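Line order of the protein sequences matches chains P and E.
1 is the number of the first residue of the first sequence in my numbering; add one for each residue after it.
1001 is the number of the first residue of the second sequence in my numbering; add one for each residue after it.
Think of the CB as a built atom: it goes at the ideal place given N, C-alpha and C, for glycine as much as any other residue.
None of these values were measured; they are calculated from a predicted model.
Here the structure comes first, spelled out in structure tokens, and everything after it is commentary.
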Amino acid sequence: MGKARISTLWLSGCSGCHMSLLDLDEALVELLSGKVEIVKSPPLTDVKEHTPVDVGIVEGAVATEEDEEELRKFRDNCKILVAIGDCACFGGITSYRNLFDKDEVLSRVFVETESVVDGKVPASRYVPKILDKVKAVGHIVKVEAHIPGCPPSPRALLYALKELLEGRIPILPSDMASFE
Amino acid sequence: MKEIRLKIDGREVKGKEGDTVLDVCLANGIEVPTLCNLKCLTPVGACRLCVIEIEGEKKLNTACTYPAREGLVVRTNTESLNKYRKRMLEFLFAERNHYCMFCEKSGDCELQNLAYKFQVYNVPLDMLNPKLPMDSSHEYLTIEHNRCVLCSRCIRACDEIVGLHVLDFSKRGSRTMVTAGLGDPLKGSPCIACGLCMQVCPTGAIFDKFSSYKFKRKDCEKISTVCQECGLLCPIDAYTKNGNLVRIEGSNLDDFRVQLCRLGRFDVIYGKPPRILRPMVREGGELRERSMDEALKLVADRMRANFPNVICVASAKYPNEILELFKRFATDVLGTMYLDSFDGEWSRAISRSSQGSWVELGHFVEEESGYSIGLSKAPYGSWEDAECGFNDIQRADCLISVELGFKVQNPIHSQIRRAVKGGAKLIIVNPGDDPLGEWASIFLKPSRGSEAILVEAISRAARGRAVDLEDVARECGVAPEALRSAVEILRASKRCIAIYGAGLVKVGGSRAVSALFEIAKEKEMVNGRFGIISIKPSSNTLGAWRLMVTSAEGIPSQKGKGPRIVYALIGDDDSIDAKFLSNLKPDFLVVQSAYRSPATSMADVVIPATTWLERGGELIGQDGRRHLARKVLEPPAGVVGEAEVIAELSKRMGKEIPIPRAEGIGVEVKGR
Chain P
1 MGKARISTLW LSGCSGCHMS LLDLDEALVE LLSGKVEIVK SPPLTDVKEH
51 TPVDVGIVEG AVATEEDEEE LRKFRDNCKI LVAIGDCACF GGITSYRNLF
101 DKDEVLSRVF VETESVVDGK VPASRYVPKI LDKVKAVGHI VKVEAHIPGC
151 PPSPRALLYA LKELLEGRIP ILPSDMASFE
Chain E
1001 MKEIRLKIDG REVKGKEGDT VLDVCLANGI EVPTLCNLKC LTPVGACRLC
1051 VIEIEGEKKL NTACTYPARE GLVVRTNTES LNKYRKRMLE FLFAERNHYC
1101 MFCEKSGDCE LQNLAYKFQV YNVPLDMLNP KLPMDSSHEY LTIEHNRCVL
1151 CSRCIRACDE IVGLHVLDFS KRGSRTMVTA GLGDPLKGSP CIACGLCMQV
1201 CPTGAIFDKF SSYKFKRKDC EKISTVCQEC GLLCPIDAYT KNGNLVRIEG
1251 SNLDDFRVQL CRLGRFDVIY GKPPRILRPM VREGGELRER SMDEALKLVA
1301 DRMRANFPNV ICVASAKYPN EILELFKRFA TDVLGTMYLD SFDGEWSRAI
1351 SRSSQGSWVE LGHFVEEESG YSIGLSKAPY GSWEDAECGF NDIQRADCLI
1401 SVELGFKVQN PIHSQIRRAV KGGAKLIIVN PGDDPLGEWA SIFLKPSRGS
1451 EAILVEAISR AARGRAVDLE DVARECGVAP EALRSAVEIL RASKRCIAIY
1501 GAGLVKVGGS RAVSALFEIA KEKEMVNGRF GIISIKPSSN TLGAWRLMVT
1551 SAEGIPSQKG KGPRIVYALI GDDDSIDAKF LSNLKPDFLV VQSAYRSPAT
1601 SMADVVIPAT TWLERGGELI GQDGRRHLAR KVLEPPAGVV GEAEVIAELS
1651 KRMGKEIPIP RAEGIGVEVK GR
């Protein structure tokens, strides 16, 4: 049996979920030395193109047009998509701006912030536009498994990975779940 | 009550007629998820989490509202029910902002726990993201509408327990909002800051500013004790974290005192003045900080030079253990006859009244008879359960409230309001403003000092004696028609309770109390019942009386030979009248107090004292029963416990008296 090919994606999130993945520590070494091959992952690789994998793991909410496009391409290239962290599962901290209108947020950040002088909202076509509302990954594409947490504990992530390696879709037991 | 049998999840279970299906489930250890249900509130079936299947019914029903009946076949835990429950939770999550990581309640949240249980790891519905306000206008409470699940627990608690109904829903459907008053900010509403809404809120929608983000049950130590702000002795759970008090909650949902009041729930945490942390000695007219050794040496020297001409006065807020020690110090060490408590005037007036002669003060109730004040031992018996306590207020058809005298609105006001809502007539006699004024059928506002005359006149008229009501009305400055109506209501009532505070005793003494009691005696014979509830001035007024710390005769004001030493044990009692002390004409005044007050500014020596949170012991409460208080906090550095100070003073006076153990020793209350 060959190694399971896994890619990870970092959308609008703080990287905390990826840090939690690295927090698997020796379990990560064990996984990488036998069972798993990481194909593309923001902390490890600098690969722009998406390649087909078995499992895609996504951190972060969908906040910009770029996020949405990346997510759709990512989805097309993985057999199983796992959303990790509260941002990917629910919208999380990133979606706090949903309490305001998009324009209010842009103006507050780029114009009204106390330290800004003559600020203006960026209009360059190279800067991705933000969406009206931040969305959870599941609101854009189909997701096979959700592992919530802010961040999810390494224990929860390891449970999910082990279930996947056993060929099952992970459903996190209640006692491992945490929204904090 | 009739027993019924039904089948739940295949099990034969028993319930009582009148139970809901949820009651039966809980009584039989069958777990049904709930969110809006709280056992002390009327069930409303708002959250739909307790949905159940009932054989023969096509639709789902809520267990909390469905009446159990003989032969019912119920299923509570099927795959399809749990699917519905999960979907209900998803609706709640989609409706407002329930992101746990920036919520104050996370870790203690009932919604969060349900989401874990039903594995709500995503929300497959469009999020509504409504723009909702947050109301932090209130001194203590914040309403965060984004976290609200519209369970209506706060609304029901404010209505059914507090009787105020400050909170209610406004608008409809998904736009429904919990609203204070007529859409006012909470600060401008009639809220009395009891904080019960916060305690019952299952999510982070209502929280208090002090404990928010500090208070997680799992990180706190919980100490169950009683609040000693007044004689109600409400059962509380005090939560401490690293030795600091962070939250106080009412501990018994089935007791009306779960409400607490702003003094007991918030002010002990937020609003206390700076403490006295070092002893002070008056030198050249000024109080200067001195060491405990110097201060006690001075006190011991003065006492030794002048005993037995020493007067010892204690606050009746102290528990029996400390009062007993104080008494031993006065009698055994100092050999003085002059021992009293600050509640002396009140206690003596009651004991001299005919209430006192009918029911010996301090033996108001049998230990086991529960809530009962005043009448349980009266020869004529009493109502159904032979008690006249705060719960009886709910069964009265007429209430007379005479100057209750509480600093803030507390559970007694709520009991009265609830009785009025249930149809009871309320007659208020109060020379000042009364917080229950708008609930009164008749509000008699006599000129200050004439309330006793008014009460006596009402008593005579109610008993059919000849009284010129016109004359009395003129003398007391009340409307004659109002006075006549009050008497008529009283005469017509079948079950009346008079509740009077210390103000009436102060003005009218034993005569005013007797006047009420005379009605009780005759009403029994004529056409109904009449109960009396006296509001005791302190948390342990009865303990101080029964231990004979409170003097039966009082302290003579004329001085004997030589200088007079007064030792006043005040602690955290903020109701001490400094005039009481100046009337004793002290030549040398020792005050043991937790806070600066008019009493400490008169003192020659000030010794730091504890607050009620810092000491344990037994108290005899408003209800005549013994309550055990537990120590919640360590006193701040520099503050030595009263027992240690008294023991040390005794040693310096050449006599050792044993210190009672800190709490729960159950001093044998002998004497009166």
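- If you draw a 10 Å sphere on the C-beta of R1448 (chain E), you find fewer than 16 other C-beta atoms in it, and that means exposed.
- Beta-carbon to beta-carbon, D1343 (chain E) and A1544 (chain E) are separated by about 6 angstroms, close enough to satisfy the 8 angstroms threshold.
- The three-state secondary structure of L1339 (chain E), taken from DSSP, is strand.
- Contacts with chain E (Cβ-Cβ distance below 8 angstroms) from the segment 92 to 111 of chain P involve G92, I93, S95, Y96, N98, L99, F100, listed in chain order.
- The continuous alpha helix (DSSP H) containing A1305 (chain E) extends over residues 1292 to 1306.
- Secondary structure note for A88 (chain P): its alpha helix (DSSP H) is the uninterrupted segment 85 to 89.
- Pairing R1463 (chain E) with L1483 (chain E), the inter-Cα distance amounts to about 15 angstroms.
- From the listed residues E:E1456, E:I1489, E:R1465, the smallest Cα separation to A1473 (chain E) is found for E:E1456.
- The Cβ atoms of L1569 (chain E) and Y1338 (chain E) do not sit closer than 8 angstroms to each other.
- Only buried fits P1431 (chain E), as 16 or more other CB atoms lie within 10 angstroms of its CB.
- Apart from the 5 residues on each side of it in sequence, S1251 (chain E) sits with its Cβ closer than 7 angstroms to the Cβ of S1224, P1235, I1236, D1237 in its chain, given in chain order.
- Sequence-distant partners of G1335 (chain E) (beyond 5 residues in either direction) whose C-beta falls short of 7 angstroms from its own C-beta, in its chain, are F1307, P1308.
- In terms of Cβ geometry, P1279 (chain E) and R1265 (chain E) do not form a close pair [threshold 8 angstroms].
- DSSP places F1207 (chain E) in the uninterrupted beta strand (DSSP E) bounded by 1206 to 1208.
- Boundaries of the alpha helix (DSSP H) around Q1199 (chain E): 1196 to 1200.
- For H18 (chain P), none of the residues of chain E pass the 9 angstroms Cβ criterion, the least Cβ distance being about 17 angstroms.
- When DSSP states are grouped into helix, strand and coil, F1517 (chain E) belongs to the helix group.
- Chain P has a Cβ within less than 8 angstroms of the Cβ of G1107 (chain E).
- For C89 (chain P), the nearest beta carbon of chain E is closer than 8 angstroms to its own beta carbon.
- F1102 (chain E) belongs to the set of residues whose beta carbon lies under 8 angstroms from a beta carbon in chain P.
- Counting only runs of 4 or more residues that sit fully inside the segment 1132 to 1200 of chain E, the alpha helix (DSSP H) segments are 1153 to 1156, 1196 to 1200, in chain order.
- Of all C-beta pairs linking the segment 72 to 81 of chain P to the segment 42 to 55 of chain P, three or more are shorter than 8 angstroms, placing the two stretches in contact.
- For K1631 (chain E), there is no enclosing beta strand (DSSP E), as DSSP marks it with neither H nor E.
- The Cβ-Cβ distance between L1006 (chain E) and V1024 (chain E) falls below 8 angstroms.
- By the 16-neighbour rule on beta-carbons within 10 angstroms, T1611 (chain E) is buried.
- For G1045 (chain E), same chain residues with a beta-carbon under 6 angstroms away, outside a window of 5 residues either side, are T1062, C1064, T1065 in chain order.
- Between the alpha carbons of G1437 (chain E) and Y1500 (chain E) lies a distance of about 15 angstroms.
- Contact with chain P is absent for M1280 (chain E), since none of that chain's Cβ atoms lies less than 8 angstroms from the residue's Cβ.
- Identification of residues in the segment 1069 to 1099 of chain E having a C-beta nearer than 9 angstroms to some C-beta of chain P yields F1093, N1097, H1098, Y1099, given in sequence order.
- The Cβ atoms of Q1394 (chain E) and C1261 (chain E) lie no closer than 8 angstroms to each other.
- Counting the other CB atoms within 10 Å of its CB gives K1327 (chain E) a total of 16 or more, which places it among the buried residues.
- In the structure shown, the three-state DSSP call for I171 (chain P) is coil.
- Against chain P, the beta carbon of Y1116 (chain E) has neighbours under 7 angstroms at S174, A177, listed in chain order.
- If you draw a straight line from the Cα of R1417 (chain E) to the Cα of L1164 (chain E), it comes to about 8 angstroms.
- Relative to the Cα of P151 (chain P), the nearest Cα in the group P:L9, P:G13, P:A4 belongs to P:G13.
- Taken in chain order, the unbroken stretches of alpha helix (DSSP H) that lie wholly in the segment 1060 to 1105 of chain E and span 4 residues or more are 1079 to 1095.
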